[in-house]
Amino acid sequence: MNKIKTIVFDLYNTLIEIKKSNHFFLKLFKTSQDGFGMGSSSYLQLVMKNDVEELKSILPSEFSSLYNERISDLTKELDSIIVYPEVLDVLRDLKQDFRIFLISNLASPYKKPVFSNNLDQYFEKMIFSCDYRFLKPDNEIFKEIEKITEDKPNEILMIGDSLKSDIIGAKNMGWNYLKINRNAPISKDYEIKDLNEIKKQIIIL
Numbered sequence: 103m104n105k106i107k108t109i110v111f112d113l114y115n116t117l118i119e120i121k122k123s124n125h126f127f128l129k130l131f132k133t134s135q136d137g138f139g140m141g142s143s144s145y146l147q148l149v150m151k152n153d154v155e156e157l158k159s160i161l162p163s164e165f166s167s168l169y170n171e172r173i174s175d176l177t178k179e180l181d182s183i184i185v186y187p188e189v190l191d192v193l194r195d196l197k198q199d200f201r202i203f204l205i206s207n208l209a210s211p212y213k214k215p216v217f218s219n220n221l222d223q224y225f226e227k228m229i230f231s232c233d234y235r236f237l238k239p240d241n242e243i244f245k246e247i248e249k250i251t252e253d254k255p256n257e258i259l260m261i262g263d264s265l266k267s268d269i270i271g272a273k274n275m276g277w278n279y280l281k282i283n284r285n286a287p288i289s290k291d292y293e294i295k296d297l298n299e300i301k302k303q304i305i306i307l
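Numbering (the working numbering), first residue to last: 103 to 307.
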């Protein structure tokens with residue numbers, strides 16, 4: 103019997119894709135007078151660890167003004183999001199045999215496509231950095247899965263596109279991992295081209 107009991111997915115560039123990205127929050131930073139008084143890295147971490155309303159109270163008032171002025175750019179970005187063709191069928195299939203979870207580093211407005219595309223129905227729990235205030239690859243955000251499932255590390259499989267956030271994060275936890283690589287040649291034995299390859303890889307793990 104295979105040891106995998108739980109499968110954890112990343113969201114962006116794993117299950118869904120922004121077709122017309124305009125890097126909304128980064129543009130707000132670049133448009134501001136002085137980067138809201140912080141470096142870009144600190145700012146982007148703050149954006150992904152807090153809800154927008156919290157950001158408006160934390161950051162200078164210029165942030166709120168720019169956000170409200172440019173909200174149409176964010177809407178266009180969100181409206182351009184698509185679900186990869188195989189995703190719904192694969193999630194439906196996997197849900198029959200495994201516990202399915204989601205962990206995503208994102209700014210709070212980017213949660214919306216999960217619900218508008220009805221992806222939420224496939225996940226036992228969705229863990230977003232903007233709600234939990236931790237970012238992958240921090241162990242703390244991965245530990246949430248272990249708390250819920252009480253699974254051993256080798257019973258959990260992480261699937262994502264980011265080497266740093268998803269693969270190294272899972273590796274640090276002792277989890278199994280698969281890196282989805284949709285746009286380049288496969289070069290590692292833990293890489294897959296699309297989600298249809300998951301079950302085949304689970305047999306190998």
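Glycine included, C-beta positions come from ideal geometry on N, C-alpha and C.
Three-state class that DSSP yields for residue i in the structure shown
| i | result |
| --- | --- |
| glutamate 188 | coil |
| methionine 103 | Legend: pLDDT at methionine 103 = 37, less than 50; position of this residue unreliable, no value from coordinates given. |
| leucine 204 | strand |
| lysine 238 | coil |
| isoleucine 304 | helix |
| methionine 150 | helix |
| lysine 227 | strand |
| isoleucine 183 | strand |
| glutamine 248 | This sequence places glutamate at residue 248; glutamine is not what is there. Helix at glutamate 248. |
Buried or exposed by the 16-neighbour rule on C-beta atoms within 10 Å, applied to residue i
| i | result |
| --- | --- |
| threonine 116 | buried |
| glycine 262 | buried |
| threonine 108 | buried |
| proline 287 | exposed |
| lysine 249 | exposed |
| lysine 238 | buried |
Paired residues, beta bridge with residue i - DSSP
| i | result |
| --- | --- |
| isoleucine 282 | Ile294 |
| leucine 259 | Ile109, Asn278 |
| tyrosine 114 | Ile118 |
Closer than 8 Å: residue i CB and nearest the ligand COA heavy atom
| i | result |
| --- | --- |
| glutamine 198 | Among the components modelled here there is no ligand, and therefore nothing to report on the ligand COA. |
Beta-carbon gap between residue i and residue j smaller than 9 Å
| i | j | result |
| --- | --- | --- |
| glutamate 242 | arginine 201 | no |
| isoleucine 300 | lysine 281 | no |
| serine 267 | aspartate 112 | yes |
| leucine 297 | isoleucine 106 | no |
| lysine 146 | phenylalanine 131 | One detail in the question is off: residue 146 reads as leucine in this sequence, not lysine. It is a contact, given that the beta carbons lie within the stated cut-off. |
| leucine 221 | valine 189 | yes |
| lysine 129 | arginine 172 | yes |
Quiz item: Three or more C-beta pairs closer than 8 Å, one from the stretch 130–146 and one from the stretch 189–208: is that the case here?
Solution: no
Self-check item: Contact between the stretch 182–196 and the stretch 109–124 (3+ Cβ pairs under 8 Å)
Solution: yes
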